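Scroll down for the structure; my scribbles are underneath it.
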Amino acid sequence: MIRYIALRLAGVAGVLLVICAVTFVIFFVFPADPALQACGKSCTSERLAMLHHQMGLDRPIWQQFTDYLVGIFAGRTYGTGPLAVQCHFPCLGFSYQNNMPVWDLMMQRLPTTVSIGIGAAVLWLVGGVTVGVVSALRKDSLLDRTMMVGTLTSASLPIYFTAMALTVLVVQIGGLLPYSSYVPIAEDPIGWVKNLILPWVALALLYAAMYARLSRASMVETMAEPYIRTARAKGLPERTVVTKHGLRAGLTPVLTVFGMDLGALLGGAIITESVFGLPGLGRLTIDSIEKSDQPVVMGVALLAAFFITFANLLVDLFYAVLDPQVRYQ
Amino acid sequence: MSAPPLTEAAGSVPAPAGRSPWRLAGGRLRRDPAALAGLAIIALFVLMALAAPLLTALNGHGPNEFHPEKIDKALAGAPKGAFGGIDGDFWLGVEPGSGRDVFSRMVYGARVSLLISVAATVVSTAVGTVLGLVAGFAGGRVDAFISRVMDLVLSFPHLIFMIALVSVLPDANRKLELVFVMGFFGWPYIGRIVRGQTLSVRNREFVEAARASGMLRMRIVFREVLPNLLAPVLVFATLTVPINIGTEAALSFLGIGVRPPDSSWGQMMAKAIDWYQVDPTFFVVPGVCLLLTVLAFTLLGDAFRDALDPRGGGR
Chain A
1 MIRYIALRLA
11 GVAGVLLVIC
21 AVTFVIFFVF
31 PADPALQACG
41 KSCTSERLAM
51 LHHQMGLDRP
61 IWQQFTDYLV
71 GIFAGRTYGT
81 GPLAVQCHFP
91 CLGFSYQNNM
101 PVWDLMMQRL
111 PTTVSIGIGA
121 AVLWLVGGVT
131 VGVVSALRKD
141 SLLDRTMMVG
151 TLTSASLPIY
161 FTAMALTVLV
171 VQIGGLLPYS
181 SYVPIAEDPI
191 GWVKNLILPW
201 VALALLYAAM
211 YARLSRASMV
221 ETMAEPYIRT
231 ARAKGLPERT
241 VVTKHGLRAG
251 LTPVLTVFGM
261 DLGALLGGAI
271 ITESVFGLPG
281 LGRLTIDSIE
291 KSDQPVVMGV
301 ALLAAFFITF
311 ANLLVDLFYA
321 VLDPQVRYQ
Chain B
1 MSAPPLTEAA
11 GSVPAPAGRS
21 PWRLAGGRLR
31 RDPAALAGLA
41 IIALFVLMAL
51 AAPLLTALNG
61 HGPNEFHPEK
71 IDKALAGAPK
81 GAFGGIDGDF
91 WLGVEPGSGR
101 DVFSRMVYGA
111 RVSLLISVAA
121 TVVSTAVGTV
131 LGLVAGFAGG
141 RVDAFISRVM
151 DLVLSFPHLI
161 FMIALVSVLP
171 DANRKLELVF
181 VMGFFGWPYI
191 GRIVRGQTLS
201 VRNREFVEAA
211 RASGMLRMRI
221 VFREVLPNLL
231 APVLVFATLT
241 VPINIGTEAA
251 LSFLGIGVRP
261 PDSSWGQMMA
271 KAIDWYQVDP
281 TFFVVPGVCL
291 LLTVLAFTLL
301 GDAFRDALDP
311 RGGGR
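These protein sequence lines map, in sequence, to chains A and B.
Residue numbers for the first sequence follow the working numbering, beginning at 1 and rising by one.
Residue numbers for the second sequence follow the working numbering, beginning at 1 and rising by one.
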C-alpha cells in the first residue's frame, strides 16, 4: 500500500510538471510579448522595458521555466534594486496589473469558490443519490419514471439559464431571497446561506441529475446480485438489506465520480460565479483574461490541475478502503 | 462466441430471414418514442439552421439589422411592448439595446451552435478512434505512451484551458479554433472506450483467422476490428454533441466564443445577462433552444445505446 501511494504521488508530480510546462508554453511562448500583457492597457515604453527585464524575458526559455519551477517551492524575487518585488512561497507568478503575487490574489478569492462548491456538492450528493436510490428501489413505478424524466430535463438545463430563471422567479417576483452576493460565513452565517442558496441550487440541479442516473443504474445492478438474495433469504429486514448490503456496493461508483467532480469544480464555478456576479476564483479568471493578466490565468489553471490530479489520487485510495475487492499491491 | 447453427428449422416453417444487428437496432429505434421525439427535435433545429436565409426573408429582418424604433431610449434601450417586443412583425421580440430581431438571431445562432458542436464532435471522434485503435491493436510501448497521453489530457481542467488557449490564439478564424480546441480536449474520452473495445476484439477468432490468412495489419484494423467498434463510437459521439453544445455556449457566454456580428445561442445568453430582470423573454428564447437540443441529443444517444445493445429489449 505504501509503495503504491509513493508511486502514485510520483505520478501526480509528473503530471503536474507536464501541465506546468504546457501552461508555461501557452502563456509565455504563444503571445508575442508577455511583458506587454503584464503591463496592461496603459503602458509606457520605460515600464515595458523594465518589466521585460524583471520578468526575465531576456533570458532563454528553459531558464525562465526553471526559475518559475524553483519559485513555486522556494519563492523568488522579480527584478533587482528598489524596483524588486518579493514573491513568497508558493510563488505562482506575480500580477503586475494588481501589483500582488498571484497566490495572494487567489487566496483572497478562494473562500467564495469553496463556499459555492461545498454547498452545491452537499445538495447534489444528497439530492441526487436519494432520488437515484428511491428510483432504483421502486424500479419501473410511476414515481421512478417521473423522476427519471425530471433528471433528464434538469441535466439538459444550461446553468446560466437556470441561474437567470431562478433569480427572476425567486428574487424578483417572489421576493423570497436577496440578490446573490458574497457574505463571509464568519461574519453572518445566515446571510451566507441566504445569499448562496441560488448558486447552490443552480449548480446542484445540473450535477444532481447525473448522480441520480448513475446511482439508480448502479443500485439496480447491485440489488440484483446473488448476495442480496442471500441476505433476504436469511431473513434480514428489507431496510437492513438495502442499507447494509446494497448501498455500500451500489454507491462506490458514485464516490469515484464525486471525487473527480469535486476536483473539477473550479471549472464549473467559473460560469456560476459570472452569472451571479460572485467574486470567486472563476470571476478572477474571467477578469484576468479580459485584462490579459496572464500570470493570474496561469496560476488558476495550475491550481485547478492540482485539485483534479489530487482528487483522482484520493478517490483511488479511498476506493481501496471502501471496496474489499480492491487491494493495491 | 459464435451463433449456434440454425438446423432445427425443418419442414413447413420457413427459415427466418437473417437480420443484421444494425437492422435490428433500426427496428427497435422506430418503436422507441423517446428516440423519435429526440430525432424530431434535432431534425427541426437542423432544418431551421439550413433554412435560415429563407426564414429571415419570410419575416423580413436580417440577423444584424438594427431597429432603433423598436427600443425605448428612455429606458436605456429596453424593447417597447410586452414580452420583449413580440408582435406580428417580430415573432420573438427584439434584442434590448440594438433592436435586432431575436427570431432571426436565434435561427442564425442555430447554424453556429450546431455546426461548431458537431464539427468538434467529428474531430474528437476521429482522433479518439484512430489513436484508441492504434493503442489497443499495437499494445506494448505504443499503448503505454498513448494511454499516458490520454490520462494527461484528462487531468487538465478543460474549461480553464480552453479559455486560456482561445484567449492566446491569434484571432484568425474563431469558429475553427473553437472546433479544434474543443475537439482536442474531447478525444481521450472516446479514445479510452475504443482502446478497451479493441483490446477485447483483438484476440477473437475472426481476427486470428484474418491474420492467419496473411491479411495486412492495416487491412485487419480497418476491415475486421473497426466495424466492431462502430456501435459504441456512434453512441458516444451522439452523447458528445450535447456536451459540446453546452461548452460552445459556455465559451461564447464567457465572451471568448464566436465574434460579435455572428450570433450563437451562448452569445445571446451572454447578452441577456445584462437584461434578464427587465426583459426575461430575451434569455428564455436561446435558453429553451439550448435545453431542447441538448435534451434531444441525450435522448437519441440513450436510445442508440439501448437499441444497439445485443442483449436487446429491456433495460
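Quick reminder that beta carbons are idealized off the backbone N, C-alpha and C, glycines included.
Note that the coordinates shown come from a computational prediction; the quantities given were computed from them, not determined experimentally.
Length of the line joining the Cα atoms of B:G287 and A:P158: As a working note, residue 287 of chain B is residue 287 in the second sequence. As a working note, residue 158 of chain A is residue 158 in the first sequence. Using only the alpha carbons, I get a separation of about 7 Å.
Range covered by the alpha helix (DSSP H) that runs through B:C289: Reading the second sequence from its first residue, position 289 is the one you call residue 289 of chain B. From DSSP, the alpha helix (DSSP H) with B:C289 extends over 281-308.
Element boundaries [beta strand (DSSP E), containing A:Y78]: The count along the first sequence starts at 1 and reaches residue 78 of chain A at position 78. It spans 76-78 - the beta strand (DSSP E) in which A:Y78 sits, taken as one unbroken run.
Start-to-end residues for the alpha helix (DSSP H) that takes in A:V85: The residue labelled residue 85 of chain A in the question sits at position 85 within the first sequence. Taken as a continuous stretch (DSSP letters only), A:V85 belongs to no alpha helix (DSSP H), being part of the beta strand (DSSP E) at 85-87.
Neighbour-count burial assignment, B:N203, 16 or more Cβ in a 10 Å radius: The count along the second sequence starts at 1 and reaches residue 203 of chain B at position 203. Burial call: exposed.
Chain B within 9 Å of A:S274, Cβ atoms only: In the first sequence, the residue the question calls residue 274 of chain A occupies position 274. Taking Cβ atoms only, chain B reaches closer than 9 Å to A:S274, which makes this a yes.
Coarse secondary structure for B:P79, derived from DSSP in three states: Translated into positions along the second sequence, residue 79 of chain B becomes position 79. Strand at B:P79.
Neighbourhood of A:G56 by C-beta distance below 7 Å, restricted to the same chain and skipping five residues each side: Taking the first sequence and counting its residues from 1, one reaches residue 56 of chain A at position 56. Once the five neighbours on either side are set aside, the close Cβ partners of A:G56 are Q64, D67.
Coil, strand or helix - A:F94 by DSSP: One-based indexing of the first sequence puts residue 94 of chain A at position 94. Strand, per DSSP.
Under the three-state DSSP convention, the category B:D143 falls into: On the second sequence, position 143 is the one that residue 143 of chain B refers to. Reduced to three states, the DSSP call for B:D143 is helix.
Interface residues of the stretch 139-160 of chain B facing chain A [CB-CB below 8 Å]: Look at the stretch 139-160 of chain B: the residues with a C-beta under 8 Å from a C-beta of chain A are D151, L152, S155, F156, P157, H158, L159, I160.
Contact with chain A by B:A250, beta-carbon distance below 9 Å: Translated into the one-based positions of the second sequence, residue 250 of chain B becomes position 250. Chain A, which has a Cβ nearer than 9 Å to the Cβ of B:A250, makes this yes.
Pairwise C-alpha distance: A:I286 and A:L177: For the purposes of this step, residue 177 of chain A is taken as residue 177 along the first sequence, with counting starting at 1. For the purposes of this step, residue 286 of chain A is taken as residue 286 along the first sequence, with counting starting at 1. The straight-line gap from Cα to Cα measures roughly 27 Å.
Three-way DSSP call (helix, strand, coil) for A:I185 in this model: For this step, residue 185 of chain A is matched to residue 185 along the first sequence. In the three-state scheme derived from DSSP, where H, G and I count as helix and E and B as strand, A:I185 is classed as coil.
Cβ of A:Y160 within 9 Å of any chain B Cβ: Here residue 160 of chain A corresponds to residue number 160 of the first sequence, with the count starting at 1. A:Y160 counts as touching chain B.
Chain B contact residues for A:L157, given Cβ-Cβ distances below 7 Å: In the first sequence, residue 157 of chain A corresponds to position 157, counting from 1. Those are L291, listed as they occur along chain B.
Check whether B:G62 and B:D101 have beta carbons under 9 Å apart: Working through the second sequence from its first residue, we reach residue 62 of chain B at position 62. Working through the second sequence from its first residue, we reach residue 101 of chain B at position 101. Their beta carbons are under 9 Å apart, which means B:G62 touches B:D101 by this criterion.
Local conformation of A:M55 per DSSP, three classes: Your numbering for residue 55 of chain A matches position 55 in the first sequence. In this structure, A:M55 counts as coil in the three-state DSSP scheme.
Own chain residues within Cβ distance below 6 Å of A:T130, not counting five before or after: The residue labelled residue 130 of chain A in the question sits at position 130 within the first sequence. There are no such residues.
A:Y227, enclosing alpha helix (DSSP H) - first and last residue: Locating residue 227 of chain A in the first sequence gives position 227, where the first residue counts as 1. Start and end: 226-233.
Separation of B:F206 from A:L125, as counted between CA atoms: Locating residue 125 of chain A in the first sequence gives position 125, counting from the first residue. Locating residue 206 of chain B in the second sequence gives position 206, counting from the first residue. Straight-line measurement puts the Cα of B:F206 at about 46 Å from the Cα of A:L125.
Inter-residue CB distance, A:F94 and A:P295 (contact presumed, cutoff 8 Å): As a working note, residue 94 of chain A is residue 94 in the first sequence. As a working note, residue 295 of chain A is residue 295 in the first sequence. The pair is a contact, with the Cβ atoms about 6 Å apart (cut-off 8 Å).
Spatial distance of B:R315 from A:V220 (CA atoms): As a working note, residue 315 of chain B is residue 315 in the second sequence. As a working note, residue 220 of chain A is residue 220 in the first sequence. Only weak support exists for where B:R315 lies, its pLDDT of 40 falling under 50; the value from the coordinates is given anyway. Rounded to the nearest angstrom, the two C-alpha atoms are 10 Å apart.
Amino acids of chain B, ordered along the chain, whose beta-carbon sits closer than 7 Å to that of A:Q63: One-based indexing of the first sequence puts residue 63 of chain A at position 63. Residues of chain B passing the Cβ test: none, with the nearest at roughly 22 Å.
Contact between the stretch 162-178 of chain A and the stretch 230-238 of chain A (3+ Cβ pairs under 8 Å): no
Any chain A beta carbon closer than 9 Å to B:P242: Taking the first residue of the second sequence as position 1, residue 242 of chain B is located at position 242. At least one chain A Cβ lies under 9 Å of B:P242.
Where B:D101 falls: helix, strand or coil (DSSP): For the purposes of this step, residue 101 of chain B is taken as the residue at position 101 of the second sequence. Looking at B:D101 - three-state DSSP - the assignment turns out to be strand.
Validate contact between the stretch 129-149 of chain B and the stretch 185-195 of chain B using beta carbons, cut 8 Å, 3 pairs: yes
Min CB distance A:E290 to chain B below 9 Å: Along the first sequence, read from residue 1 onward, the residue named residue 290 of chain A stands at position 290. A:E290 counts as touching chain B.
Of the residues A:A320, A:L265, A:L317, the one placed nearest A:S115, counting alpha carbons only: Here residue 115 of chain A corresponds to residue number 115 of the first sequence, with the count starting at 1. Ranking the options by Cα distance to A:S115, first place goes to A:L265.
B:M162 and B:T247 closer than 9 Å at C-beta: Along the second sequence, one-based indexing puts residue 162 of chain B at 162. Along the second sequence, one-based indexing puts residue 247 of chain B at 247. Yes; because the gap between Cβ atoms is below 9 Å, this pair is in contact.
C-beta neighbour in chain A for B:L165, strict 9 Å: Mapped onto the second sequence, residue 165 of chain B falls at position 165. Cβ-Cβ to chain A under 9 Å: yes for B:L165.
Where B:G301 meets chain A, residues with beta-carbon distance less than 9 Å: Taking the first residue of the second sequence as 1, we reach residue 301 of chain B at position 301. Under the 9 Å cutoff, chain A gives no residues; its nearest Cβ is about 11 Å from B:G301.
Segment contact flag, the stretch 106-120 of chain A with the stretch 254-270 of chain A, C-beta cutoff 8 Å, min 3 pairs: yes
Option in B:A119, B:R111, B:D274, B:H67 with minimal Cα separation from B:L55: To locate residue 55 of chain B, count along the second sequence from 1; it is residue 55. B:L55 has its Cα closest to that of B:R111, out of B:A119, B:R111, B:D274, B:H67.
Nearest residue (CA-CA) to A:D261, options A:L152, A:Y211, A:M223, A:V134: Locating residue 261 of chain A in the first sequence gives position 261, where the first residue counts as 1. Looking from the CA of A:D261, the closest CA among A:L152, A:Y211, A:M223, A:V134 belongs to A:Y211.
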